[in-house]
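S.K.:
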Amino acid sequence: MPTPTLADLSPEARSLLETQSIELPSWAFGNSGTRFRVFTTAGVPRNPFEKIDDVAEVHRLTGVTPRISLHIPWDTVDDYDALRRHAEDQGITIGTINSNVFQDEDYKLGSLTNSDERIRAKAIAHHLECIDIMRATGAPALKIWLADGTNYPGQDSIRERQDRLADSLTQIYSHLGPDQQLVLEYKFFEPAFYHTDVPDWGTALVHCLALGGRAKVVLDTGHHAPGTNIEFIVAQLLRLGRLGAFDFNSRFYADDDLIVGAADPYQLFRIMNEIVSAGALAPDSGVNFMLDQCHNLEEKIPGEIRSATNVQEATAKALLVDREALRAAQTAGDVLGANDVLTEAFSTDVRPLLAELRESQGLPADPMRAFLDSGYLERVRVERVGGDAAGWGA
Ligand code: LRH
Ligand code: MN
Ligand code: MN
């Protein structure tokens with residue numbers, strides 16, 4: 001395919017690209033690391049208000065990141081209404097409230113699955129507090145990821161832990177308002193190594209189905225065994241109307257939280273192809289596209305800009321797939337012909353088209369260049385002394 005221009009996009013594809021939105025994680029802007037050293041970056045936010053400032057800056061330049069995900073207690077503030085207003089003043093909204101029951105001594109043997117009723121009640125109460133924060137900030141979704149699991153066979157009853165989890169989730173779900181939803185994230189291992197209580201999309205789905213229509217599954221692209229066909233999971237959850245959100249990132253080995261599209265752009269394209277072909281890209285389709293990343297070596301804001309544009313590029317390629325030709329090749333049993341249709345779209349350079357689209361929207365053609373030239377980094381490096389750790393791994 002010759003390099004396409006904006007005029008080559010159908011009006012529908014163009015409008016989908018214009019309205020695409022990606023939610024940014026507050027923790028991507030702070031210093032973070034693994035269990036090794038947390039290297040510091042000058043100028044990182046000192047509080048959640050400044051994290052919002054950075055998300056707003058990425059949004060001003062890319063036009064596709066109008067929401068921030070908060071993590072509680074990493075983003076605890078005294079006045080959530082003030083936080084909401086601060087976001088709204090800059091054209092940002094609070095997207096998802098992420099609970100955190102994995103950094104408290106009490107949760108050593110589990111949180112929502114713990115056999116100690118005092119600890120389980122404490123974990124449930126934390127989620128009810130998160131629901132209060134959702135009300136105060138206008139956040140539409142509560143995201144739950146649990147570190148719960150065991151390290152040794154026999155350590156605890158797998159079945160009874162599932163029962164306690166189901167009961168805890170039911171209690172939390174019953175506190176949600178009619179316009180609020182719960183999204184449950186799975187992860188196949190880590191920090192537990194023998195068994196994890198929500199290890200896979202099947203387990204997450206079983207719990208969501210038991211809860212009700214406002215419970216959906218979160219797919220974090222880094223949370224699968226190597227070689228897992230993630231686009232299959234996307235297709236299946238979309239069929240069932242239970243794909244609530246993505247946590248996009250890249251991984252080479254485990255839960256690496258690297259920049260989305262950096263490790264395997266073809267996988268990201270295949271995922272976006274499933275999204276586009278199921279008509280699930282539009283903002284009202286019910287799928288929340290979020291990032292869940294940590295920038296340990298690189299600058300945080302450029303890392304998030306690169307992430308947003310990587311998702312945009314994969315999306316534009318998926319929108320360029322010749323659906324008619326694909327269908328015809330599939331119907332004719334033309335194996336290589338069908339595969340060609342996909343690889344043709346994947347191999348297309350969509351960067352000029354996206355630059356044109358941004359300019360047509362009054363945005364910089366090259367958001368990264370615009371950021372590096374803006375002086376923002378130099379300014380915050382001077383202003384923000386003693387910036388915050390992201391929380392995760394810090
Ligand atoms: C767990 C996870 C989950 C947490 C985030 C910080 O590995 O993906 O989404 O909330 O990392
Ligand atoms: Mn995640
Ligand atoms: Mn993760």
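First residue of the sequence shown: 1, per UniProt numbering; consecutive thereafter.
Think of the CB as a built atom: it goes at the ideal place given N, C-alpha and C, for glycine as much as any other residue.
Note that the coordinates shown come from a computational prediction; the quantities given were computed from them, not determined experimentally.
Return yes when the C-beta of G149 is under 7 Å from any heavy atom of ligand 3, and no when it is not.
M.R.: Flag unset: Cβ of G149 not near ligand 3.
S.K.: Per DSSP, what kind of secondary structure is S69 in: helix, strand or coil?
M.R.: Strand.
S.K.: Assuming the contact rule is C-beta atoms closer than 8 Å, Q171 and I124 should be a hit. Round their C-beta distance to whole Å, please.
M.R.: Indeed they touch by this definition, with Cβ atoms about 5 Å apart.
S.K.: Which whole-angstrom value describes the C-beta separation of S111 and L146, a residue pair presumed to lie in contact below a C-beta threshold of 8 Å?
M.R.: Right, their Cβ atoms sit about 6 Å apart.
S.K.: Spatial neighbours of A87 within its chain, please: C-beta separation below 7 Å, excluding the five flanking residues on both sides.
M.R.: Here the set comprises I52, I68, T93 and I94.
S.K.: Smallest Cα separation from F189: which of S174, D220 and R164?
M.R.: Among S174, D220 and R164, the Cα nearest to that of F189 belongs to D220.
S.K.: Considering Cα atoms alone, identify which of V287, H207, S250 and S174 is closest to R239.
M.R.: Of the listed residues, the one whose Cα sits closest to R239 is V287.
S.K.: Return yes when the Cβ of A28 is within less than 8 Å of the Cβ of G303, no when it is not.
M.R.: Yes; because the gap between Cβ atoms is below 8 Å, this pair is in contact.
S.K.: Given a threshold of 16 other Cβ atoms within 10 Å of its Cβ, counted over all protein chains shown, does E313 qualify as buried or as exposed?
M.R.: The residue is buried, with at least 16 neighbouring Cβ atoms inside 10 Å.
S.K.: Along the chain, where does the beta strand (DSSP E) that runs through E12 open and close?
M.R.: Run containing E12: none in the beta strand (DSSP E); it sits in the alpha helix (DSSP H), P11 to T19.
S.K.: Could you check what DSSP says for T113 in three-state terms: helix, strand or coil?
M.R.: Coil at T113, not helix or strand.
S.K.: Kindly provide the ranges of any alpha helix (DSSP H) runs that are 4 or more residues long and lie completely inside the segment 69-148, ordered along the chain.
M.R.: You should have 80-89 and 117-137.
S.K.: Verify whether the separation of the beta carbon atoms of P4 and R384 is less than 8 Å.
M.R.: No, the pair does not count as a contact, with Cβ atoms beyond the cut-off.
S.K.: If you draw a straight line from the C-alpha of R282 to the C-alpha of N273, how long is it?
M.R.: The sequence given here places Ala at residue 282; Arg does not occur at that position. Between A282 and N273, the C-alpha separation is close to 13 Å.
S.K.: Is the segment 197-208 in contact with the segment 235-253, if contact means three or more CB pairs nearer than 8 Å?
M.R.: Yes, since at least three Cβ pairs between the segment 197-208 and the segment 235-253 fall closer than 8 Å, the two stretches touch.
S.K.: Compute the beta-carbon to beta-carbon distance between G63 and L363, rounded to the nearest angstrom, for a pair I have assumed lies under 8 Å.
M.R.: The pair is a contact, with the Cβ atoms about 5 Å apart (cut-off 8 Å).
S.K.: Where do the ends of the beta strand (DSSP E) carrying L182 lie?
M.R.: Its beta strand (DSSP E) spans residues Q181 to E185.
S.K.: Can you check which of these residues, T19, L205, D247 and L17, is closest to P25 by C-alpha distance?
M.R.: Ranking T19, L205, D247 and L17 by Cα distance to P25 puts D247 first.
S.K.: Kindly list the residues whose CB is nearer than 7 Å to the CB of T150, restricted to its own chain and excluding five residues on each side of it in sequence; keep chain order.
M.R.: Result list for T150: D156, A192, Y194 and H195, in chain order.
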